[in-house]
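According to the numbering used here, the residues represented by the sequence shown are 1 to 75, in order.
For each residue, glycine too, the CB sits at the ideal point set by N, CA and C.
Keep in mind it's a predicted model, so treat the numbers as computed, not measured.
Report on the structure given below.
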Amino acid sequence: MRPDYQRFLGLGLPIDVRPRHVYDHDGIALLIVDWTIGDVHGTATDVARRGEDGRWRYVIDNPFGVSQAVPSRRS
(Lines of atoms letter the chains of each structure in order from A; the text may use other names.)
(Lines give C-alpha, C1' and ligand atoms only; values in the text may rest on other atoms or scores of the structure.)
Protein backbone atom coordinates (compact mmCIF):
# COMPACT_ATOMS: atom_id res chain seq x y z
CA MET A 1 0.00 0.00 0.00
CA ARG A 2 1.29 3.47 -0.87
CA PRO A 3 2.39 5.62 2.10
CA ASP A 4 -0.15 8.40 1.37
CA TYR A 5 -3.03 5.88 1.60
CA GLN A 6 -1.62 4.37 4.78
CA ARG A 7 -1.59 7.87 6.30
CA PHE A 8 -5.25 8.49 5.39
CA LEU A 9 -6.45 5.06 6.53
CA GLY A 10 -4.47 5.44 9.76
CA LEU A 11 -6.64 8.42 10.70
CA GLY A 12 -9.53 6.04 11.35
CA LEU A 13 -12.00 8.51 9.83
CA PRO A 14 -14.90 7.61 7.55
CA ILE A 15 -14.34 8.11 3.83
CA ASP A 16 -17.11 9.75 1.81
CA VAL A 17 -16.83 8.90 -1.90
CA ARG A 18 -19.08 10.37 -4.60
CA PRO A 19 -18.50 9.38 -8.22
CA ARG A 20 -18.87 12.44 -10.46
CA HIS A 21 -18.27 10.80 -13.85
CA VAL A 22 -17.64 7.22 -14.96
CA TYR A 23 -16.62 6.58 -18.56
CA ASP A 24 -16.51 2.89 -19.44
CA HIS A 25 -15.43 1.31 -22.72
CA ASP A 26 -14.48 -2.29 -23.42
CA GLY A 27 -13.52 -3.16 -19.83
CA ILE A 28 -11.54 0.03 -19.11
CA ALA A 29 -13.07 2.84 -17.03
CA LEU A 30 -12.04 6.42 -16.29
CA LEU A 31 -13.42 7.48 -12.90
CA ILE A 32 -13.71 11.06 -11.63
CA VAL A 33 -14.55 10.78 -7.94
CA ASP A 34 -15.03 13.45 -5.26
CA TRP A 35 -13.92 12.22 -1.83
CA THR A 36 -13.64 13.53 1.74
CA ILE A 37 -11.68 12.14 4.70
CA GLY A 38 -12.10 14.34 7.76
CA ASP A 39 -11.09 17.89 6.76
CA VAL A 40 -9.25 16.78 3.61
CA HIS A 41 -11.02 16.49 0.30
CA GLY A 42 -10.13 16.06 -3.32
CA THR A 43 -11.21 14.85 -6.72
CA ALA A 44 -9.56 11.63 -7.80
CA THR A 45 -8.85 10.74 -11.41
CA ASP A 46 -8.57 6.95 -11.62
CA VAL A 47 -8.44 4.24 -14.27
CA ALA A 48 -9.80 0.74 -13.63
CA ARG A 49 -9.87 -2.47 -15.65
CA ARG A 50 -12.49 -5.22 -15.45
CA GLY A 51 -10.89 -8.60 -14.74
CA GLU A 52 -11.94 -11.93 -16.20
CA ASP A 53 -13.86 -12.52 -12.97
CA GLY A 54 -15.94 -9.37 -13.60
CA ARG A 55 -14.37 -7.40 -10.74
CA TRP A 56 -12.92 -3.94 -11.31
CA ARG A 57 -9.33 -3.23 -10.25
CA TYR A 58 -7.47 0.05 -10.20
CA VAL A 59 -4.77 0.41 -12.85
CA ILE A 60 -4.05 4.08 -12.03
CA ASP A 61 -5.11 5.58 -8.69
CA ASN A 62 -4.53 9.33 -8.54
CA PRO A 63 -6.32 10.59 -5.39
CA PHE A 64 -5.72 14.30 -6.00
CA GLY A 65 -6.31 14.40 -9.75
CA VAL A 66 -4.61 17.54 -11.05
CA SER A 67 -4.67 19.53 -7.79
CA GLN A 68 -3.28 19.38 -4.28
CA ALA A 69 -5.29 18.48 -1.16
CA VAL A 70 -7.37 21.38 0.14
CA PRO A 71 -8.52 21.72 3.76
CA SER A 72 -12.31 21.75 4.09
CA ARG A 73 -14.02 25.11 4.68
CA ARG A 74 -16.84 23.53 6.69
CA SER A 75 -18.01 25.23 9.88
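Nearest in C-alpha terms to aspartate 46, of all of Val40, Tyr23 and Asp53, is Tyr23. The Cβ atoms of valine 33 and arginine 49 do not sit closer than 9 Å to each other.
Taken atom to atom, the span from the alpha-carbon of tryptophan 56 to that of isoleucine 15 is near 19 Å. Going by C-alpha positions, histidine 41 is about 9 Å away from phenylalanine 64. By a beta-carbon distance limit of 8 Å, proline 19 does not contact leucine 30. Their separation comes to about 11 Å. When the Cα atoms are used, threonine 43 and tryptophan 35 turn out to be separated by approximately 6 Å.
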